[in-house]
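If you're matching positions, the sequence shown starts at 4 in this note's numbering and goes up one per residue. Just so it is clear, CB atoms sit at the ideal spot from N, CA and C, and this is done for glycine as well.
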Amino acid sequence: VQAGELTQEELDRCESDPNAVMQAAKPDLPQPKAKTKGARYTPVAKRQDRPDAIAWLLKNYPEMSDGQISKLIGTTKPTINSVRDRSHWNAPNIKPQNPVGLGLCSADDLEKTIAVARARAGTVHGRATAQEPTAGPAGMAPATPPPADPMPTEPAAPVPAHQEPAPVAPAEVLDPTKEPSAMAPIAQEDAGDQRDS
């Protein structure tokens, strides 16, 4: 009773009825707040693999935001920017590798993050939808289409719809009854040389 696990009324009720089951008292003390999930912990042995994973994500999923990448891998935005603009101290040795293969995140986490990034960017499997253009990494303006070629090209001659394609000659099939080809005497000479030696 003093610890707050039972009440005196519950004890009295169960004393009078031997078949009764004792119920624990509901605590009226304030419960400790649950810790908010902080940054993902990356083991020391795998920390050197993070730039490779960042490069892979930037290359394959440019629609992912820096915040999503940092939560997924457990890195910082300055590191992501340094990998993006090739100013990272180890930039010559960075080779893009899948973070799932490196053990930095699970496949489920990666798929969920990609789905959220594509939904925000309005893309489906890397293609932008027609409604809105996608912004590039770090909120850059969408890429403009290349300018039209100033040199006009000659239009191709129209092909009539009723015209059939020209027949393609079948490849030469080796037939023992046919004349030997020009390569055959060379092969026979080689065979003769081997018999002489």
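Buried versus exposed, by CB contacts within 10 Å (16 or more), residue i
{"i": "Tyr44", "result": "exposed"}
{"i": "Ser90", "result": "exposed"}
{"i": "Pro149", "result": "Confidence at Pro149 is low in this model, with a pLDDT of 49, below 50, so its placement is unreliable and the value that follows should be read with caution. Counting Cβ neighbours within 10 Å, Pro149 comes out exposed, since fewer than 16 surround it."}
{"i": "Gly106", "result": "exposed"}
{"i": "Val4", "result": "exposed"}
{"i": "Gly77", "result": "buried"}
{"i": "Asp20", "result": "exposed"}
{"i": "Asp152", "result": "With a pLDDT of only 49 at Asp152, under the threshold of 50, the placement of this residue in the model should not be trusted; the figure read from the coordinates follows. Counting Cβ neighbours within 10 Å, Asp152 comes out exposed, since fewer than 16 surround it."}
{"i": "Asp88", "result": "exposed"}
{"i": "Asp69", "result": "buried"}
Alpha helix (DSSP H) segment containing residue i, residue limits
{"i": "Glu66", "result": "No alpha helix (DSSP H) contains Glu66, which DSSP labels as neither H nor E."}
{"i": "Pro102", "result": "Pro102 to Leu105"}
{"i": "Lys38", "result": "From DSSP, Lys38 is part of no alpha helix (DSSP H); its letter is neither H nor E."}
Through-space distance from residue j to residue i, alpha-carbon basis
{"i": "Ala124", "j": "Cys108", "result": "22 Å"}
{"i": "Pro54", "j": "Val47", "result": "14 Å"}
{"i": "Glu18", "j": "Val103", "result": "60 Å"}
{"i": "Ala23", "j": "Lys36", "result": "35 Å"}
{"i": "Pro64", "j": "Trp92", "result": "Note that residue 64 corresponds to Tyr in the displayed sequence, not to Pro. Taking the straight line from one Cα to the other gives about 23 Å."}
{"i": "Lys38", "j": "Leu75", "result": "19 Å"}
{"i": "Asp111", "j": "Gln71", "result": "14 Å"}
{"i": "Lys49", "j": "Ala94", "result": "17 Å"}
{"i": "Asp52", "j": "Pro30", "result": "47 Å"}
{"i": "Val119", "j": "Gln34", "result": "33 Å"}
6 Å CB neighbourhood of residue i in its chain, flanking five on each side removed
{"i": "Leu9", "result": "Ala28"}
{"i": "Val86", "result": "Pro54, Ile57 and Ala58"}
Sequence-distant residues of the same chain with beta carbon closer than 8 Å to residue i, five excluded per side
{"i": "Leu32", "result": "Gly7"}
{"i": "Glu13", "result": "Met25, Gln26 and Ala28"}
{"i": "Arg16", "result": "Ala23"}
Nonlocal neighbours in the same chain, by C-beta distance under 7 Å from residue i, ignoring five residues either side
{"i": "Ser73", "result": "Thr79, Lys80 and Ile83"}
{"i": "Gln11", "result": "Val4"}
message = Can you confirm whether the stretch 79–93 touches the stretch 109–119 when touching is taken to mean that 3 or more C-beta pairs between the two stretches lie within less than 8 Å?
response = Segments in contact, no.
request  = Pair every Cβ in the stretch 51–60 with every Cβ in the stretch 91–108, then say whether three or more of these pairs are closer than 8 Å.
outcome  = These segments touch.
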